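S.K.:
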Ligand SMILES: [Zn+2]
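Okay, structure coming up:
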């Protein structure tokens, strides 16, 4: 007898984030395949062509110029994390939060344990949201190099949704450790990888993810890559600054 799979509380990773950090920006996972594993999440595109937001089953691509597109189902991703979002608890934060550090302390108070994974959906009105995206890469530059000259965007007085995950630090070779959020505005015209924001009002939905499924890419680049290096410092610089 097969054990039932807790599909609805499973984080799906299309590849380990390590490979992305080492500059392997091409895999064979389509957005269509990704959607079999979730209707909610984030990631990037082959050749690092922008930031992916998946919300309510709809995919958005925030390109290096800040433009938001609706990518087709056959578009490829080298790294994405998704789940079927099903909120377990929520918190209405009527006074909002001042910055990411304040959001982190709100989340830490809401999480039953720092050793679980969480899906986070934050709908809110924001005083400002600062995001970055990445321009399409022609060569396999290490992620930390690429993000040194990342385009940064800022928008004031807007509503929208932050979608993403909290992952424990001990999983840093597989997924971005800590809180990783991507933003999409309510009018779907602005978004990207969240760097900083201030919310005047927010509703934070939380799902506990108690299992993980990760696919390992069957591509020559991945299979012959040297992934022995500890990439956590690079990841910290690439994702948090
Ligand atoms: Zn990101």
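In my numbering, the protein residues as written are 49 to 289. Note that beta-carbon positions come from the ideal geometry of N, C-alpha and C, so glycine has one too. All values derive from a computational prediction rather than experimental measurement.
1) Let me know the secondary structure DSSP gives residue 286 once reduced to three states.
2) Drop a sphere of 10 angstroms on the beta-carbon of residue 146, count the other beta-carbons inside from all chains shown, and report buried for 16 or more, exposed for fewer.
3) Kindly give me the distance between the Cβ atoms of residue 286 and residue 69, rounded to whole angstroms, as I take these residues to be in contact under 8 Å.
4) Where does residue 270 sit, in a helix, a strand or coil, going by DSSP?
5) Using the C-alpha atoms, what's the distance from residue 121 back to residue 183?
6) Taking the beta carbon of residue 209 as the centre, do at least 16 other beta carbons fall within 10 Å, making it buried, or is it exposed?
7) Tell me where the alpha helix (DSSP H) around residue 157 begins and ends.
8) Looking at C-alpha atoms only, which residue of 136, 177, 279, 124 is the closest neighbour of residue 252?
9) Helix or strand or just coil, what does DSSP make of residue 247?
M.R.: Reading it off the structure:
1) helix
2) exposed
3) 7 Å
4) helix
5) Roughly 21 Å between the two C-alpha positions.
6) buried
7) 148–158
8) 136
9) strand
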